[in-house]
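Residue numbers (our numbering): 236 to 670.
The beta carbon of each residue, even a glycine, is placed where N, CA and C say it ideally should be.
Fair warning: this is a prediction, and the values are worked out from it, not measured in the lab.
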Ligand code: AMP
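Structural data, given as structure tokens:
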């Protein structure tokens, strides 16, 4: 038997509803904030990720799935979405659109060769959004608000929005030299990972997860104390904007995020739900004002975020969901399906937009009811020779057991009215004005 590759998994039919719900909420909230969808290829030139995510990051050094194609070109399965979006914006000159800034979102699989665990896979899914071409703190506020509103729409509470600023290029450079100066005599007090980061990507030392209480870490210089005047003003305005919409946040001076391209605002939303275990960060994002130019595009400031969908599914699992009706009707046939007009009735209801299911396995009556209950219908439609002779269908509500005979020519109308009005029991849709 051939098994799935380590770190990948199948999303099976009984799980798919949660994914579809996520996708629907993504589309709805994106519409609300006026973001358009963009779809970029799943693989890109390897160079794109080296130049954007950064040569020294864990993602590029250890986690990419890269391969040479038959034309001897190096390609990489995308480990994140921003690089591809930025490449597409530059290549298609989307920045020449008069209605800038560009507001786009994406949703799709990403690939990282990480150690798999709960909430961490090698193929996972990200929903991300980017505002490209806006330096204003309004764009940072819009992005953070979009992320928080999306979680609210999903009913995922118990989160903390953490925010920090790395400042502009000048602030980042000043901070980096201060940090290196501090770490040089103290690096032996840090974990082995941090010793490596000190040489390759010193900012990431602040992100140490091994010992957050380490006094050498706690006392190290923080980026927020090295902000230039303009970077400080930018951050203050972001904070004021979040306050004005009542969005609750925490300033986390240790937040730096893993990728090289971030400048100014960085943020994460962390969940306190126990189901998420160690992988509690639902979304991460921030501003990346220099990335587009460094990829040979115009000087365009940008800000974005990326959610991990697997973690959102885990967060949704933690909620007690009310079981929603799965289908409208289960058609219970008391005689031979093919030889009476059951299929025609079912087909007419379906063409009218009702979800109708029936038995394919020649089950007896009791088993048909059992099968129906598994699908949680609003109605059982009971139909046999007697009903066929009378040109009626017996309709039984599953919630209260009420039952009545409805003439076949009224059946569709009756079902639709009962579903929308939820209390009709007359069965006479020809003259009734009750609904
Ligand atoms: P990043 O692109 O690393 O900033 O990650 C953004 C979000 O994507 C994280 O907050 C996670 O929710 C999710 N994520 C990142 N890596 C993985 C992974 N290997 N498996 C599942 N989700 C991930």
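Spell out a yes or no on whether the stretch 279 to 289 and the stretch 309 to 319 are touching, meaning 3 or more CB-CB pairs, one atom from each, closer than 8 Å.
yes
Can we count residue 489 as close to the ligand AMP, meaning its CB is less than 8 Å from some heavy atom?
no
Burial state of residue 292, where buried means 16 or more other Cβ atoms lie within 10 Å:
buried
Excluding the 5 residues flanking residue 551 on each side, which residues of the same chain have their C-beta closer than 6 Å to its C-beta?
253
Taking only the alpha-carbon atoms, compute the straight-line gap between residue 601 and residue 618 and give it to the nearest angstrom.
14 Å
State the DSSP-derived secondary structure class of residue 628, mapped to helix, strand or coil.
strand
Quickly, what does DSSP pair residue 360 with across the bridge? List them, please.
344
Only counting the same chain, and skipping five residues up and downstream in sequence, which positions put a Cβ closer than 8 Å to that of residue 273?
320, 323, 339, 340 and 341
Note down, in chain order, each residue of its chain lying with its Cβ closer than 6 Å to the Cβ of residue 557, except the 5 sequence neighbours on either side.
Because the pLDDT of residue 557 is 48, which lies under 50, any placement of that residue in the model is unreliable, and the number read from its coordinates should be weighed accordingly. Counting only Cβ-Cβ distances below 6 Å, and skipping sequence neighbours, we find nothing.
In three-state DSSP terms, what is residue 236?
coil
Under the three-state DSSP convention, the category residue 255 falls into:
helix
When DSSP builds the beta bridges, which residues end up paired with residue 584?
Paired residues: none, contrary to the question.
Between residue 357 and the ligand AMP, is the CB less than 8 Å from at least one heavy atom?
yes
Report yes or no: do three or more beta-carbon pairs, one from the stretch 398 to 418 and one from the stretch 458 to 470, lie closer than 8 Å?
yes
Quick check on the DSSP output: the beta strand (DSSP E) that includes residue 429 runs from which residue to which?
Looking at the DSSP string, residue 429 is not in any beta strand (DSSP E); the run it does join, the alpha helix (DSSP H), is 427 to 435.
Is it the case that the stretch 504 to 513 contacts the stretch 380 to 397, given that we only count it when at least three CB pairs across the two stretches are under 8 Å?
yes
Secondary structure of residue 557, DSSP reduced to three states:
Below a pLDDT of 50, predicted positions are generally treated as unreliable, and residue 557, at 48, falls in that range; the measurement from the model is reported next regardless. Residue 557: coil per DSSP, three-state reduction.
Go through its chain and collect everything with a Cβ distance to residue 370's Cβ below 8 Å, but skip five positions before and after it.
524 and 536
Does the stretch 571 to 587 come within contact of the stretch 525 to 544, defined as at least 3 CB pairs closer than 8 Å?
no
Looking at C-alpha atoms only, which residue of 361, 470 and 488 is the closest neighbour of residue 456?
488
Measure from the alpha carbon of residue 522 to the alpha carbon of each residue in 509, 491 and 515, then state which is nearest.
491
Should residue 542 be listed as close to the ligand AMP, given that the test is whether its C-beta is under 8 Å from any heavy atom?
yes
Closer than 7 Å by C-beta to residue 300: which residues in its own chain qualify, once you throw out the five before and the five after it? Chain order, please.
311, 312, 346 and 348
Would DSSP call residue 537 helix, strand or coil?
strand
How is residue 249 classed by DSSP in three states: helix, strand or coil?
coil
How do the stretch 347 to 361 and the stretch 237 to 244 stand: do at least 3 beta-carbon pairs fall below 8 Å, yes or no?
yes
heavy atom of the ligand AMP below 8 Å from residue 475 C-beta:
no
Measuring CA to CA, which of 526, 367, 645 and 620 is closest to residue 331?
367
Along the chain, which unbroken stretches of the beta strand (DSSP E) at least 3 residues long are found entirely within the stretch 452 to 500?
none
Quick check: the Cα distance between residue 449 and residue 427, rounded to an integer number of angstroms?
13 Å
State the beta-bridge partners of residue 633 as determined by DSSP.
DSSP lists no partner for residue 633.
Report all residues from its chain with a CB closer than 6 Å to the CB of residue 654; omit the five preceding and five following residues, and keep chain order.
none
Do you know how far the Cα of residue 279 is from the Cα of residue 545?
23 Å
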